[in-house]
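A.B. asks:
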Amino acid sequence: MHARFARSLLLFVIFEIVGALILSGSNTCLAEPGQADQPAAGDVRFLGEWGREGSEPGEFHFPIGIAINAADEVFVTDFYNDRVQKFDTNGQLLRVLPVSPTPGGIVLSRSGDIYLSHFAERKREDRPNDRISVYDPTGKLLRQWGKTGTENGEFDCPGGLAIHSDGRLFVADQTNRRVQVFDAEGKFLFKWGEYGAKEGQFGGIVSIRSRVGGPQFVAFDSKGNVYTTEGSMGRVQKFTSDGKFLLSWGTNEDKPGGFGGVFTGFKDRKATLQGPVSICVDKHDRIWVSAVCGRIQQFTSEGAYLRGFGTAGTEPGQFYAPHGLAFDSRGILYVVDAFNHRVQKFAVE
364 MHARFARSLL LFVIFEIVGA LILSGSNTCL AEPGQADQPA AGDVRFLGEW GREGSEPGEF
424 HFPIGIAINA ADEVFVTDFY NDRVQKFDTN GQLLRVLPVS PTPGGIVLSR SGDIYLSHFA
484 ERKREDRPND RISVYDPTGK LLRQWGKTGT ENGEFDCPGG LAIHSDGRLF VADQTNRRVQ
544 VFDAEGKFLF KWGEYGAKEG QFGGIVSIRS RVGGPQFVAF DSKGNVYTTE GSMGRVQKFT
604 SDGKFLLSWG TNEDKPGGFG GVFTGFKDRK ATLQGPVSIC VDKHDRIWVS AVCGRIQQFT
664 SEGAYLRGFG TAGTEPGQFY APHGLAFDSR GILYVVDAFN HRVQKFAVE
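Each residue of the sequence shown is one higher than the last, beginning at 364 in the numbering used here.
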């Protein structure tokens, strides 16, 4: 069922055979505490889920990104179905927005416009990718920009998106190993990052052309600081909003605060899964990070580990390569469970 995923280099999670199977990978999420319905491990409570694999309305074929507006409407990018689906917080489908091709990253502006990143590893002239598109809430295309390349305003597998409080759009330009910044209309402003393993660099322990290095997702805290994830390096980096490096944390070890682990969901073997994927910041400036090994972890804004939950699997509260994270106004955490083709939600306060 997942053979197509293993063959394709997907948006925020990538398979590479290097002796073991390595995988890796939004916006600021300022929310109010929520109510819990039923208990789970520790102080995290599973509240529900929706979705399954398919192409019918309400189904998913590899969901990736998630964003929630002020009205608590939940937008999910449905990668292989070439669409965004909008739900209420109980998973009731509200709208299907065709947004071909292959949408991945998503963020909402204050006015409700939908910003999306599009990419495919196998480029096709009839399905232009490596671009950013903007839609109004009804699904009308407003504008788009970008093409495959390395110049300013060009992309190679653009990933996660985040909008600063001043309206600037930050784009994780994954295979170009950089973050690009634009105004709301798509005018290029500046960039930072390059291939390497040092502070402020991205993805330096894998091939320069491997998207697994990142950056994959970006997010802001309340002070405007920028956080990025890197799958291959197993780290989160923190920058000022003008790209000045502040600090980093994380490893790809299988331990609290690490982003590695063993997944047993494959029929014929166990696999070591490494790398943080998505990142989200709550109203207390606590940093939440998903990892492909099936864990969601919480850190302080200085990188100190606080807690974590989740294991690899298909049951409620388990994950198969979790991707996008977002909070609603009540403080409920929503997790895009990509390879399980569903969204799960949790009370974490």
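All C-beta atoms in this analysis are idealised placements derived from N, C-alpha and C, irrespective of residue type, glycine included. Bear in mind that the values here come from a model prediction, so they are computed numbers and not experimental data.
If you reduce the DSSP assignment to three classes, tell me which class residue 560 lands in.
C.D. replies: Taking the first residue of the sequence shown as position 1, residue 560 is located at position 197. Residue state, collapsed to three classes: coil.
A.B. asks: From the DSSP output, which residues share a beta bridge with residue 442?
C.D. replies: For this step, residue 442 is matched to residue 79 along the sequence shown. Beta-bridge pairing links residue 442 to no other residue.
A.B. asks: Would residue 677 be called buried (16 or more neighbouring beta carbons within 10 Å of its own) or exposed?
C.D. replies: Position 314 of the sequence shown holds residue 677. Label assigned to residue 677: exposed.
A.B. asks: Let me check you understand the geometry: is the CB of residue 506 closer than 8 Å to at least one non-hydrogen atom of the ligand HEM?
C.D. replies: In the structure on display, the ligand HEM does not appear, and there are no ligands present to speak of.
A.B. asks: Check the DSSP bridge columns for residue 662 and list the partner residues they point to.
C.D. replies: Numbered from its first residue, the sequence shown carries residue 662 at position 299. BP columns for residue 662 point to 650, 668.
A.B. asks: According to DSSP, residue 498 sits in a beta bridge with which residue or residues?
C.D. replies: Counting from 1 along the sequence shown, the entry for residue 498 is found at position 135. According to DSSP, residue 498 bridges with 477, 504.
A.B. asks: List the whole-angstrom C-beta distance separating residue 597 from residue 638, where the pair is believed to meet the contact cut-off of C-beta under 8 Å.
C.D. replies: Here residue 597 is taken as the residue at index 234 of the sequence shown, counted from 1. Here residue 638 is taken as the residue at index 275 of the sequence shown, counted from 1. Contact flag correct, Cβ pair sits at about 6 Å.
A.B. asks: Which of the three DSSP states, helix, strand or coil, is assigned to residue 525?
C.D. replies: In the sequence shown, residue 525 corresponds to position 162, counting from 1. Strand.
A.B. asks: Does the beta-carbon distance from residue 586 to residue 648 come in below 9 Å?
C.D. replies: Position 223 of the sequence shown holds residue 586. Position 285 of the sequence shown holds residue 648. Against a cut-off of 9 Å, the Cβ pair of residue 648 and residue 586 comes out as a contact.
A.B. asks: How many Å lie between residue 379 and residue 510 at the Cα?
C.D. replies: Residue 379 sits at position 16 when you count from the first residue of the sequence shown. Residue 510 sits at position 147 when you count from the first residue of the sequence shown. Its pLDDT being 35, under 50, residue 379 is placed unreliably by the model, and the measurement read from it follows with that caveat. Those two C-alpha atoms are separated by around 26 Å.
A.B. asks: So, under 8 Å CB-CB, residue 413 and residue 468 are touching, yes? Tell me the CB distance rounded to an integer number of Å.
C.D. replies: Residue numbering aside, residue 413 sits at position 50 when the sequence shown is read from its first letter. Residue numbering aside, residue 468 sits at position 105 when the sequence shown is read from its first letter. Not quite, the Cβ-Cβ distance comes to about 21 Å (not below 8 Å), so this is no contact.
A.B. asks: Is residue 447 helix, strand or coil by DSSP?
C.D. replies: Working through the sequence shown from its first residue, we reach residue 447 at position 84. In the structure shown, residue 447 sits in a strand (DSSP, three-state: E or B).
A.B. asks: Looking at the structure shown, is residue 425 part of a helix, part of a strand, or coil, going by DSSP?
C.D. replies: Within the sequence shown, residue 425 is the residue found at index 62, counting from 1. Correct three-state label for residue 425: coil.
A.B. asks: What first and last residue would you give for the beta strand (DSSP E) that runs through residue 590?
C.D. replies: Against the sequence shown, residue 590 aligns to sequence position 227. Start and end: 589–593.
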